[in-house]
Structures are given as C-alpha cells and as structure tokens.
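In terms of my numbering, the sequence shown is residues 3 to 711. Beta carbons are placed, not taken as given, at the ideal position from N, Cα and C, and that holds for glycine. Following: one structure in structure tokens, then a few remarks.
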Amino acid sequence: MHAHSEKIIALESNSTSFIININDSGPSVLYWGEKIAASTATQVVTMHQRNMGPGTASKEVPILLCPTHGSGFMGQHGLSLHRSGHNWDMHLSDIHILEQTAQHVIIKLSDSNAGVSLQHNITLDKETDVLICNTSVTNNGADGLTIDWCNAGTLALPSFIDQVTGFHGRWANEFQTHKTDLNIGVYLRENLRGRTSHDSFPGLVAHTKNTTEQNGPAYGFHLGWSGNHRIAAEKMFDGRSFVQMGEKLIAGEVILPSGASYCSPKLYAAFSTSGFSSLSQKFHRFVRTKLLTEEVRKKPRPVHYNTWEAVYFNHDTLTLQTLADKAAEVGAERFVLDDGWFSARRDDTAGLGDWFVDHDVYPEGLHPLIDHVLGTGMEFGLWVEPEMVNPNSDLYRNHPDWILKATDAPHIRSRNQLVLDLTKEPVREYLYERIDSLLSEYKISYLKWDMNRDIHHPGSDGVAANSAQTHALYALLKRLREKHPTVEIESCSSGGARIDYGILAHTDRVWTSDSNDALDRLNIQRGISFFFPSNVMGSHVGPRDCHITRRILSMDLRAATAIFGHMGMELNLTELTSEETETLKTAISLYKKNRDLLHSGNHIRLDTKDHASAFAVVSECQNEAVFSYTQIKTCDETAPETLFFIGINHEKSYTLDLIWPLGFTSKTAGDISRLNGHIFSGDVLSKVGLQLPHMHPETALVFMLKAID
Ligand code: DGJ
C-alpha cells in the first residue's frame, strides 16, 4: 500500500482487541482493550477523528509503533539510526502487509531512497490475550548503517491512564514496586548493567489512580531481554501517552553491513479491566502455556534441597551425603550441589572458569555423592557460572584475552571475577565442551546457571558487545538444551538479577532472590508475581536466623512463605530441632499434596492493611482455593481485620479449613477451629468474609476452601 491510503488491522484474542491503523505515516495503535467486534473496526476509525489543539501543527503526528524523525514525531523516538550522518530522517512510506491472520500480522515499511526497511512482527496470543511484538530494521543500502536505538514497540495508551507502577530493587531485595503519576514528561528507566538487573526489572504497569488489585484498568508491559534495556512511559504536551521498550544499545554496538538486520527483543503486553491481579493472571497463563517446555509443564515441580546456605564452600562428601539423607527424609526430591565443587574453589577468589571437579575435595569425582543422592530417590542438580572467570584460575592464566573489557580502562572486579567474552567462538566452544562433558559423565538432571556480576566493560576487541553477548548466551543455552533435553536449567544471577521472558525461553526456573528471609520474601514474591507464575519462582525455606537479614523467624512462617513458589530448602538440616524437622516435613507434604493447584491456579494478590500481606490461589474451575494471610508487624487496631475469600464462585458452597500452621493457638483460636470443616456459600465467604483470629506479628495463616458437590 502507498501514501494516502488507510488500512485497519483488527487482531483479536479471547477477550482483547488490538486494532492497528496504517496511514501514510505508518502503523499505530488505534484501539487496545476489551474485545469489540472486528466488523466495527471502521467505526473505530470514525470515532477516532482527532481534534487538534490551538497553536499546533497542521497535522497531528500519530504515535507510530515505531515513531521516527521522518514522521515528524516530537516525543521519544522508536528508532534512531544514520548512515554517516545521513538517512536519520528516512520516510518509511512504502508499506506492505507480509502476513495477516486474526491474531498475527507482519508489517513491512521501507524507504528505498534511504535503503532502510523496518518490520513489525505482532501477535496477539488467542488463549492468553498477551500481545507479543518486536521490530527489525534492515540495511538495504551499500554502506554501513548505524543503529543507535530500535524499539520493540511503542504502544499508545488510552487517555484515562494517569499512573504507572515500576519495579526497582537491589541484591537480596528485588521486585519492589513503586507507583508514580504519569505527568507530562517521561518516566524513563535505562539499564546498563549488562544483565536484566536487580534494580531495574524491564516491566511496567500503566493504570489509573483508582486501579486496585481487583478493579480498574491496567496495561502491563515486559521486555523479554537479559541485557541492557530502555523502558519509557511518556505523556506528551497534547495529553497523549504511550509506553515504549527496547534494548539499550551502546555507541557503535550495532553497525549493520549491507543486507544485515537488527531485531529488537520481544515486548510482551497485556490488558485487564479488572485490576492488577487479573492482568498478572494473563501473563502467568502465557508463561505456563507458551514459554515453558511441555516437560516442565507436565512434571510436578520437585522439592529442592540446595546446599549453599548449609555449607557454602566447605564441601566434603560425607557431610553432603548426610545432608542428602536428611533432605530425602523430610521430603526433598532434588538435591542441588551449589558453588564450591570445582578446582580451587575454596572461596570466591578462585576457580571460576576451571569446570573440573576438585579432586582434593572429591578424590573419586562426584560419583560417590551423586550415587548416594540418586540412591535416596532424589535427582541431582549442579551449580555452574559459565560466563565468569576468576583471574586466579587456569583458564584466565591460559587465556587472559578471553574476557570482555574496555580498551584501556583498568578492569573492574566484582566478587573477584571477570566476564568471559561469549562472542568469541573458542570461548563458547570451551564452555559447551565443559558443560556437555559434565552432563555426559554424571547423572545430572538440573543445572543452576548463575551469573554473579554486572558487566561494567562489555567490550569485545574494542567494540561494545553487550547485545552480542546476550545473544551468545541464549545460543549456548539452546545448544546445551538441544543436546540434553531432559536437563532442567535455573536462571540465577546473584539472586534475581536475570529474570525475564528472554532467559525463561531457555530455562525452566528462576532464583528469585538470595534473601530467604520469609518476611522480605513475601514482598519480593508479591512483586515478581506481577509477571511470573509461582511454578517458575524458586522459593526456599532458609535458616532460622536469616543469613542476610539476621532476622530470626519460625519454621511455621518460613514454610508458609516457601510453599507458594517452586518450593525448596536451603539450610543445614542437621541443626534443626526435632520439632522444626517435623514442621518442615509436614509443610513439604502439604506442598506436594497441593502443588497442582498452587502451580496452575489463578494467583490473586489481596489488598490488605499495611501490617499484613495476603494472597490467594484459586483453581481455574473455582473448586479449590488456598488463601494465605501473614501478619508482618503489629497492627494499629486491636481487633483483627476481615479476610474476604474473593475469586471463588458465588454459586458454589465450600468447606473452610485452616490448614497452616498445625495446632494454631491464639486468644481466639477456638473461634477459628470451630469453623473448620463447616460449609459456607461462596457468596458469604467472599462478601461477608471471616474476621481473622488475633495473630502475632511474623505469623501466617493458610486456609483451604473446597467446593462440595
Ligand atoms: C549467588 C546465588 O544467588 C546463590 O544462590 C549462590 O548460588 C551463590 N551465588 C554461589 O556463589
């Protein structure tokens, strides 16, 4: 199609419509929200006629999917490129639809004079309503084309959106949320840490001031990318607003030779009319059914025992075998040997890169330990950190040129390590060979793939290479998974610094945070639940005195928090009292009994008073539900608050039981046990609710509802 013609493309999924208008400037979002009949798309165009403000240009420049200088856009551009200073103003007026179905479209735009073409690849997932889009740019000219920025997509927001919720964090306290008004100007997060990062998760929710967990409109956005990113929400002077996301490129990082293309990472987005929780449920369904492999989807998530906080670097086979026995006794199903098993790795100053079993510590290799673990009925998993090297390692001594670096600036060490340059083939081959041979020699069914530092100097032979490094990592993971399809992989990065859909397309679980402090974890888990379902979220019972916060928390509380993710333990089991061991064992069997529900049900974050944190998991058919309520600190009022069992079916009747902690006592304990086993209508449970018993700070209650026939 050519200038001066208009085209409407109406994509629709189960409950969402995404309507694109293509005019002579290019494609833009005309409507995105609750489903409207595709046949009314032309009415949308008529209704959309724009009335210009006084003192403005003769034409309102649309918010294109990729706004450019050439289109005359004056907000944040979606594309910034040039060919030795020229072609920055290209006019992509030759537009073709390359593919189109009810859920998918590929739109190609070209400027033959400038020798540039752009392609938007857009899919609206029918079952989950999640929109997936990316943009690629191709150099059709003879000379190199420098790409400074190419967004995955710019998505216009409706005018009633007036707030955004962003995510910040730090090591051991990831996924904190902050709400801010969408004022005129730009809300901008740029991440240059070389990994997804602790402090700037590439996600954003746009909503109204009145949107709550259960009510009001919310649009969610996430960039599936594990390198640098740039995410923006802009409200322009004329009142229009949009969200834009893409990879943050470093100067000179992408110079396309003739015929080459750059493809942005994917932007995932969804919309809900009924609050943040139902928005998250769409993302959860998408991850569960579209990102995870079928094997992971089908296999109940096994209870982990991880050795890190039990022994750190002090490995010896006998101690680990004893821990394995104890872990199996309390119900663990997978034993993960963390950092410290390979050459010279007695602390974090040496060994990274030398992926050979340390024969001083394991004279017969890992066989005696692995055989022992398998003998208990558990699977065996192994920790690796392939992208890193300690200067104190044979690998670095032999290949000091294998690292990412700045040309002249001194190295910046972080945790005593440097970053290997995965864009170099010999580096990739070495890592592939090492990991492949470990997986081939030993019965390892799980890898915990760690990455423990930011990348300050992502230079490869003088050229910025964070983008290429991230692609090379994905390719390495893909190659290993193809060779060892039954080996599951966890993405860990100093806790939760590499959690995104890009890495999740190559892995099966994420390590949420190094903090196993159950109270901090509740908030971290609440934050991550905006975009990630509980079955990929590693959640461990940590030591009695949390090693990071030093807070001492009961086993009841630690278990009550851990059962709501992919449950595991990470503590020295030989130090537990017999009562703690029994409690842990009971919690693990509770998790096993209910993990199907916990990992497939709809997650509902509940709005509570400030002293508490609460959420529910309700089965898709609303026959079963689990409600968790934790009192974090002392409350202002003397009387406890009421818990409303929302999200269940008002027409059905349910038995109500307090299932955790066992033997709960409180000043009003009698009241609560009196209710156990009683039958209530869904209407009463959700509308009248239950006034909770008096609880102490740092205690949790878990209720189970089961529909009766
Ligand atoms: C950081 C991870 O987040 C921890 O769980 C642990 O694996 C250490 N690295 C090991 O060095």
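Residue i: beta carbon under 6 angstroms from a heavy atom of the ligand DGJ?
| i | result |
| --- | --- |
| Gly497 | yes |
| Cys548 | no |
| Cys623 | no |
| Cys135 | no |
| Cys494 | yes |
| Trp357 | no |
| Trp718 | For the chain, the structure presents residues 3 to 711; residue 718 sits outside this window and is missing. |
| Asp558 | no |
| Trp34 | no |
| Asp340 | yes |
| Asp781 | The structure shown does not extend to residue 781, since the chain is modelled only from 3 through 711, so no value can be given for it. |
| Asp452 | yes |
| Trp310 | yes |
Residues bridged to residue i by DSSP?
| i | result |
| --- | --- |
| Gly168 | His180 and Leu206 |
| Met693 | The amino acid at residue 693 is misidentified as Met; the sequence shows Gln. DSSP lists Thr644 as partners of Gln693. |
| Asp659 | Met706 |
| Leu120 | Leu111 and Val139 |
| Trp343 | According to DSSP, which records beta bridges pairwise, Trp343 is partnered with nothing at all. |
| Cys68 | DSSP, once it has assigned bridges, lists no residue as partnering Cys68. |
| Asn175 | Arg172 |
| Gln102 | Val107 |
| Arg85 | His88 |
| His224 | Gly205 and Tyr270 |
| Cys152 | Leu81 |
| Arg191 | Ile233 |
| Pro29 | Ile24 |
Assuming residue i and residue j are in contact, meaning their beta carbons sit under 8 angstroms apart, how far apart are those beta carbons, in whole angstroms?
| i | j | result |
| --- | --- | --- |
| Gly248 | Phe223 | That belief does not hold up - the Cβ atoms of Gly248 and Phe223 are roughly 11 angstroms apart, past 8 angstroms. |
| Glu311 | His549 | 6 angstroms |
| Gly229 | Arg197 | 7 angstroms |
| Leu449 | Val489 | 6 angstroms |
| Ser541 | Thr563 | 7 angstroms |
| Ala158 | Ser30 | 6 angstroms |
| Thr576 | Lys328 | 6 angstroms |
Under 8 angstroms Cβ to Cβ from residue i, same chain only, skipping five residues before and after it: list those, please.
| i | result |
| --- | --- |
| Ser276 | Gln216, Asn217 and Gly218 |
| Asp613 | In the sequence on display, residue 613 carries His and not Asp. Contacts found: Gln633, Ile634, Lys635, Thr636, Cys637, Asp638 and Pro699. |
| Ile10 | Ile21, Ile22, Asn23, Ile24, Leu32, Ala43, Thr44, Val46 and Val47 |
| Gly254 | Thr148, Val465 and Ala466 |
| Ser688 | Phe646, Phe647, Ile648, Gly649, Ile650 and His652 |
| Gln165 | Lys181, Thr182, Asp183, Leu184, Ala208, His209, Thr210, Lys211 and Thr213 |
| Gln102 | Ile11 and Ile108 |
| Thr18 | Trp34, Gly35, Glu36, Lys37, Leu126, Asp131, Leu133, Ala272 and Phe273 |
| Gly691 | Thr644, Leu645, Phe646 and Phe647 |
| Ala144 | Gly117 and Ser260 |
Who are the near neighbours of residue i in its chain, counting only those whose CB is closer than 7 angstroms to its CB and skipping five residues on each side?
| i | result |
| --- | --- |
| Ser15 | Gln105, Leu126, Asp127, Lys128 and Asp131 |
| Arg560 | Ala520, Val543 and Gly544 |
| His6 | The predicted model places His6 with a pLDDT of 49, which falls under 50 and marks its position as unreliable; any figure quoted below should be read in that light. Contacts found: Asp26. |
| Gly379 | Ala330 |
| Ala589 | Ala561 and Ile565 |
Give every residue of the same chain whose Cβ lies closer than 6 angstroms to the Cβ of residue i, excluding the five residues on either side of it in the sequence, and list them in chain order.
| i | result |
| --- | --- |
| Asn625 | Ala709 |
| Gly498 | Glu176, Thr514 and Ser515 |
| Asn123 | Ile108 and Asn136 |
| Leu81 | Cys68, Thr70 and Cys152 |
| Leu397 | Gly355, Asp356 and Val391 |
| Met238 | Gly77 |
| Ser621 | Leu599 and Gly603 |
| Ile661 | Val704 and Met706 |
| Tyr476 | His508 |
| Gly171 | Phe177, Gln178, His200 and Asp201 |
| Ser345 | Gly353, Asp356, Phe358 and Asp360 |
| Lys654 | Gly684 and Ala709 |
| Asp113 | Met92, His93 and Leu94 |
| Leu608 | Ala616 and Phe617 |
Does any residue of chain C have a CB that is nearer than 7 angstroms to the CB of residue i?
| i | result |
| --- | --- |
| Thr610 | Absent from the structure: chain C. Only one protein chain is present. |
For this session: Could you pull out every unbroken alpha helix (DSSP H) segment of at least 4 residues lying fully inside the region 477 to 559, listed in chain order?
Result: If we require 4 residues or more, the alpha helix (DSSP H) runs fully inside the region 477 to 559 come out as 503 to 506 and 520 to 530.
Exercise. If you scan the region 227 to 308 from start to end, which runs of the alpha helix (DSSP H) of 4 or more residues do you find wholly inside it?
Worked result: List check, alpha helix (DSSP H) in window: 277 to 288 and 296 to 300.
Problem set entry | Secondary structure, alpha helix (DSSP H): runs of 4+ residues fully inside the region 409 to 448 | Taking only runs of at least 4 residues, the alpha helix (DSSP H) segments lying wholly in the region 409 to 448 are 427 to 443.
For this session: Give, in chain order, every unbroken run of the beta strand (DSSP E) that is at least 3 residues long and sits entirely within the region 589 to 628.
Result: Taken in chain order, the whole beta strand (DSSP E) runs of length 3 or more contained in the region 589 to 628 are 604 to 608 and 614 to 620.
Exercise. Taking only runs of the alpha helix (DSSP H) that begin and end inside the region 306 to 377, which ones reach a length of at least 4 residues, in chain order?
Worked result: DSSP runs (the alpha helix (DSSP H)) wholly in the region 306 to 377: 310 to 313, 319 to 332 and 369 to 377.
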